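2 protein chains.
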Amino acid sequence: MKPDEPVLGRPTLRQVAALSGVSLKTASRVLNGEQYVAEATAAKVHAAAAQLGFRLNVIARELRAGARSTSVGLIIGDLSNPFYSRIARGIERRLRAEGLQLITASSDEDPELEHTLVSGMLERRVSAMLIVTSATDHAYLEVERRLGMPVAFIDRPPADIVADTIVLDNTAGAREAVEHLLRQKHRRIGLVGDLSRLTTHRERFAAFENAMTVLDLVPAPTALFTTNNRITIGALRALRDRPDPPALVGFDDFDLADLLGVTVIAHDPERMGELAAELVVDRIHGEQGPARQVLLPTRLVQRGSGERSAPRRATSRA
Amino acid sequence: MKPDEPVLGRPTLRQVAALSGVSLKTASRVLNGEQYVAEATAAKVHAAAAQLGFRLNVIARELRAGARSTSVGLIIGDLSNPFYSRIARGIERRLRAEGLQLITASSDEDPELEHTLVSGMLERRVSAMLIVTSATDHAYLEVERRLGMPVAFIDRPPADIVADTIVLDNTAGAREAVEHLLRQKHRRIGLVGDLSRLTTHRERFAAFENAMTVLDLVPAPTALFTTNNRITIGALRALRDRPDPPALVGFDDFDLADLLGVTVIAHDPERMGELAAELVVDRIHGEQGPARQVLLPTRLVQRGSGERSAPRRATSRA
DNA sequence: CTGAAAGCGCTAACAG
DNA sequence: CTGTTAGCGCTTTCAG
Chain A
5 MKPDEPVLGR
15 PTLRQVAALS
25 GVSLKTASRV
35 LNGEQYVAEA
45 TAAKVHAAAA
55 QLGFRLNVIA
65 RELRAGARST
75 SVGLIIGDLS
85 NPFYSRIARG
95 IERRLRAEGL
105 QLITASSDED
115 PELEHTLVSG
125 MLERRVSAML
135 IVTSATDHAY
145 LEVERRLGMP
155 VAFIDRPPAD
165 IVADTIVLDN
175 TAGAREAVEH
185 LLRQKHRRIG
195 LVGDLSRLTT
205 HRERFAAFEN
215 AMTVLDLVPA
225 PTALFTTNNR
235 ITIGALRALR
245 DRPDPPALVG
255 FDDFDLADLL
265 GVTVIAHDPE
275 RMGELAAELV
285 VDRIHGEQGP
295 ARQVLLPTRL
305 VQRGSGERSA
315 PRRATSRA
Chain B
5 MKPDEPVLGR
15 PTLRQVAALS
25 GVSLKTASRV
35 LNGEQYVAEA
45 TAAKVHAAAA
55 QLGFRLNVIA
65 RELRAGARST
75 SVGLIIGDLS
85 NPFYSRIARG
95 IERRLRAEGL
105 QLITASSDED
115 PELEHTLVSG
125 MLERRVSAML
135 IVTSATDHAY
145 LEVERRLGMP
155 VAFIDRPPAD
165 IVADTIVLDN
175 TAGAREAVEH
185 LLRQKHRRIG
195 LVGDLSRLTT
205 HRERFAAFEN
215 AMTVLDLVPA
225 PTALFTTNNR
235 ITIGALRALR
245 DRPDPPALVG
255 FDDFDLADLL
265 GVTVIAHDPE
275 RMGELAAELV
285 VDRIHGEQGP
295 ARQVLLPTRL
305 VQRGSGERSA
315 PRRATSRA
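Going line by line, the protein sequences match chains A and B. According to this note's numbering, the first sequence is numbered sequentially starting from 5. According to this note's numbering, the second sequence is numbered sequentially starting from 5.
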């Protein structure tokens with residue numbers, strides 16, 4: 005026996021039952037709002053529960069055989085990036101309608117940490133996993149899928165397994181950005197992005213390259229395409245005091261882009277979250293079909309920065 | 005018996021034990037990395053576990069008497085507001101160092117929903133609660149506190165109980181904003197805020213009023229003080245095309261405030277989150293002292309909008 | 001309408 | 001080094 009055990013822990017159903025002079029099962033019935041309990045009995049039990057500060061232990065309830073857990077796990081790169089927190093919001097909204105509770109963790113885009121976090125959630129018996137992955141190895145999840153664990157990938161498809169996935173139409177988005185700039189007569193368009201391993205960026209980059217093959221990139225570009233919200237903002241800072249800034253189209257919309265007059269390829273992160281949640285909710289409800297791939301549209305929002313036309317001639321010096 | 009029960013659920017420790025020909029307890033020891041197990045035995049168990057796709061059930065583990073849960077609940081107004089998601093990030097960071105898992109939910113600033121969400125987390129036996137409250141009645145939490153549940157309030161103090169709390173120094177922040185504007189010779193300063201029941205805003209508003217009592221507010225103000233990030237951004241939009249915008253100081257820093265040249269009363273939301281987590285972590289570790297109140301400093305960041313001086317005279321027309 | 005018994009998956013205590 | 005027993009808090013049979 006340990007020395008300084010706190011006197012009482014949380015009250016249990018047994019204590020409520022004892023205090024109200026009924027059996028465990030009757031107390032359980034009352035507290036779960038089941039029918040077929042005498043009003044007087046119910047009142048006694050409620051009184052005892054209130055007096056003790058009793059709360060049902062959902063953990064214990066869910067431990068019972070066959071009982072489904074009511075939590076869903078989400079792994080995201082960085083919760084403080086508005087793009088991701090909006091996704092999380094959408095997921096949460098959809099899950100709440102289902103009585104499910106979201107458990108979130110940020111992976112810092114670190115594959116190893118991601119793996120650790122996923123394992124932790126699996127061990128906590130979430131009923132589904134939603135992942136914005138930074139990893140390139142998802143074989144360990146294949147086992148889970150076979151065991152019936154619903155897994156959906158958001159924004160970035162898994163590298164080596166098939167699973168429900170929802171991604172943006174990066175190809176169309178990037179193409180639209182570049183074509184828009186070409187329409188303003190730009191012929192030297194620079195891309196600013198990180199050369200990360202993430203498919204998201206690779207796709208956007210590939211589309212960009214395709215559109216650019218015929219162009220000469222030697223002199224300074226007259227227009228820029230930035231591949232995500234962070235980078236767009238970085239570019240804006242860098243270009244801040246330029247007298248003659250290049251045209252700019254950024255992937256991802258962001259707060260204040262309107263005020264700053266930034267043309268973007270916009271999309272709807274909350275909706276992406278909702279649809280992702282939908283994917284796993286269907287699975288939880290027993291949907292058995294093959295993995296689904298959802299492609300979310302993007303749209304060009306013109307606000308000025310992308311409509312600056314190219315200088316008439318190639319004036320290399322001011 | 006239900007008709008279409010899936011053939012196998014997740015494998016259990018018992019199955020791993022059976023497959024590897026050892027007892028339950030030995031399998032448990034191996035999978036928990038305890039010592040005093042023969043290497044050969046351990047290898048057999050690991051092999052069986054891998055073959056079955058076994059994962060320890062943390063829920064079951066934590067159900068055991070005396071075992072502490074390893075999750076912490078967070079209720080926040082809106083996860084997609086960067087101010088809050090940064091707080092969440094800070095919390096998460098601190099919690100992770102402790103091996104604790106964060107469970108988050110957005111209350112939409114709705115007191116009733118908040119109560120429901122808190123109850124849900126309590127029933128899930130989180131080991132502590134962190135709350136950015138929208139409610140004015142916290143009596144139900146007093147019961148929890150007495151039962152030993154650590155509860156900390158973030159950004160907004162509880163109305164009717166004493167508990168660990170971390171808030172910004174709203175009073176000093178608002179005073180600094182107004183005094184800064186007064187220093188630029190402004191004498192007609194408008195406040196834009198919502199007259200919500202939230203203490204946060206009431207405090208900022210009260211400080212503002214104090215600083216303003218001697219002033220005449222009849223003509224249009226030459227300067228504005230906006231009471232949070234959302235409102236600052238709203239004001240910026242409203243003032244967008246004004247030829248002669250008033251000076252502006254906003255409470256809360258925000259992304260791109262630098263680019264837009266907005267003077268703000270800044271503070272550190274991630275740090276607020278870390279400190280809040282610290283408060284409950286201490287309690288989880290057994291800290292028994294009286295409720296602590298942490299006051300987080302703010303600081304004025306000058307970026308231009310707050311340094312526009314007042315027009316020399318009261319020229320009522322352009 | 002109410003209750004007794006069994007057991008969910010796991011680990012602490014106590015033997016061997 | 002390994003195994004047995006008991007029990008966490010709850011709900012589900014199955015009987016009263």
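We put the beta carbon where it would ideally sit given N, CA and C, even for glycine. Just so you know, these numbers come straight off a predicted model, no measurement behind them.
If you follow the alpha helix (DSSP H) that residue i is part of, which residue opens it and which one closes it?
i                 : result
Val62 of chain A  : Val62 to Leu67
Leu185 of chain B : Asn174 to Arg187
Ile165 of chain B : First-last for Ile165 of chain B: undefined, no H or E at that position.
Phe87 of chain A  : Pro86 to Arg100
Leu56 of chain B  : Glu43 to Leu56
Ser123 of chain B : Pro115 to Glu127
Ala261 of chain B : Ala261 to Leu264
Glu146 of chain B : Ala143 to Arg150
Ordered along the chain, which non-local residues of its own chain (more than five positions away) have a Cβ less than 7 Å from that of residue i?
i                 : result
Val130 of chain B : Ser73, Ser75, Val76, Gly77 and Ile107
Glu118 of chain B : Ile79, Ser111, Thr137, Ser138 and Ala139
Ala322 of chain B : For Ala322 of chain B, the predicted model reports a pLDDT of 31, less than 50, meaning its position is unreliable and no value from the coordinates is stated.
Ala22 of chain B  : none
Gln19 of chain B  : Leu56
Met125 of chain B : Gly77, Ile107 and Met133
Gly308 of chain B : Gly265 and Thr267
In the DSSP output, what is residue i paired with across the bridge?
i                 : result
Ala156 of chain B : B:Leu134 and B:Asp168
Arg304 of chain B : The sequence shown places Leu at residue 304 of chain B, not Arg. Answer is B:Ile269, bridged to Leu304 of chain B.
Phe255 of chain B : B:Ile269
Ile288 of chain B : Per DSSP, none; premise fails for Ile288 of chain B.
Ile194 of chain B : The identity of residue 194 of chain B in the sequence shown is Gly, whereas the question assumes Ile. DSSP output for Gly194 of chain B lists B:Leu228 as bridge partner(s).
Gly77 of chain A  : A:Ile107 and A:Met133
Val298 of chain A : A:Ile170
Is residue i near the ligand FMN, judged by its Cβ being under 7 Å from some heavy atom?
i                 : result
Val136 of chain A : As for the ligand FMN, it is missing from this structure, which has no ligand bound.
Cutting at 6 Å between CB atoms, please list the residues of its own chain near residue i, excluding the five before and the five after it.
i                 : result
Gly13 of chain A  : none
Arg273 of chain B : Residue identity check: residue 273 of chain B is Pro in the sequence provided, not Arg. If we look at Pro273 of chain B and ignore the five residues flanking it on each side, its Cβ neighbours are Phe87, Arg90 and Ile91.
Ala156 of chain B : Leu134, Asp168, Ala280, Leu283 and Val284
Asn232 of chain A : Phe255 and Asp256
Pro373 of chain A : Residue 373 of chain A lies beyond the range of chain A shown here (5 to 322); nothing can be said about it.
Thr230 of chain A : Val196, Thr236, Ala239 and Gly254
Ala261 of chain A : Val268
Just to confirm the assignment, what range does the beta strand (DSSP E) spanning residue i have?
i                 : result
Thr108 of chain A : Gln105 to Ser110
Gly25 of chain A  : It is not in any beta strand (DSSP E) - Gly25 of chain A carries neither H nor E in the DSSP assignment.
Here's a check: name, in chain order, each residue in its chain whose Cβ is nearer than 8 Å to the Cβ of residue i, leaving out the five neighbours to either side.
i                 : result
Gly81 of chain A  : Tyr88, Ser110, Ser111, Asp112, Glu113, Val136 and Ser138
Asp173 of chain A : Leu299, Leu300, Pro301 and Thr302
Gln188 of chain A : Ala227, Ala251, Gly310, Glu311, Arg312, Ser313 and Ala314
Ala47 of chain A  : none
Asp51 of chain A  : The sequence given here has Ala at residue 51 of chain A, not Asp. Here the set comprises Ser24.
| Contact list for the region 227-250 of chain B against chain A, Cβ threshold 7 Å | Ile237, Leu240, Arg241 and Arg244
| query | Residues in the region 83-96 of chain A with C-beta within 7 Å of chain B's C-beta atoms, listed in sequence order? | reply | Cβ contacts with chain B come from Leu83, Ser84, Pro86, Ser89, Arg90, Ala92, Arg93 and Glu96.
| Residues in the region 28-56 of chain A having any Cβ partner in chain B nearer than 8 Å | none
| field | Under 7 Å (Cβ pairs) to chain A, residues found in the region 63-81 of chain B | value | Ile63, Ala64, Glu66 and Leu67
| request: Report the residues of the region 108-121 of chain A with a CB closer than 8 Å to any CB of chain B, ordered along the chain. | output: Thr108, Ala109 and Ser110
| In the region 248-279 of chain B, which residues sit with their C-beta less than 8 Å from some C-beta in chain A, listed in chain order? | Phe258, Asp259, Leu260, Asp262, Leu263, Leu264 and Glu274
| request: Go through the region 223-252 of chain B residue by residue and report every complete run of the alpha helix (DSSP H) that reaches 4 residues or more, in order. | output: 233-243
| query | Of the residues that make up the region 124-142 of chain A, which ones have a beta carbon closer than 7 Å to any beta carbon in chain B? | reply | Residues Gly124, Leu126, Glu127, Arg128 and Arg129.
| Interfacial residues, the region 148-178 of chain B to chain A, with Cβ spacing under 9 Å | Within the region 148-178 of chain B, the residues whose Cβ lies closer than 9 Å to some Cβ of chain A are Glu148, Arg150, Leu151, Gly152 and Met153, listed in chain order.
| request: Anything in the region 276-310 of chain B with a Cβ closer than 7 Å to a Cβ of chain A? List those residues in chain order, please. | output: Cβ contacts with chain A come from no residue of the region 276-310 of chain B.
| Against chain B: residues of the region 183-194 of chain A by CB proximity under 7 Å | none
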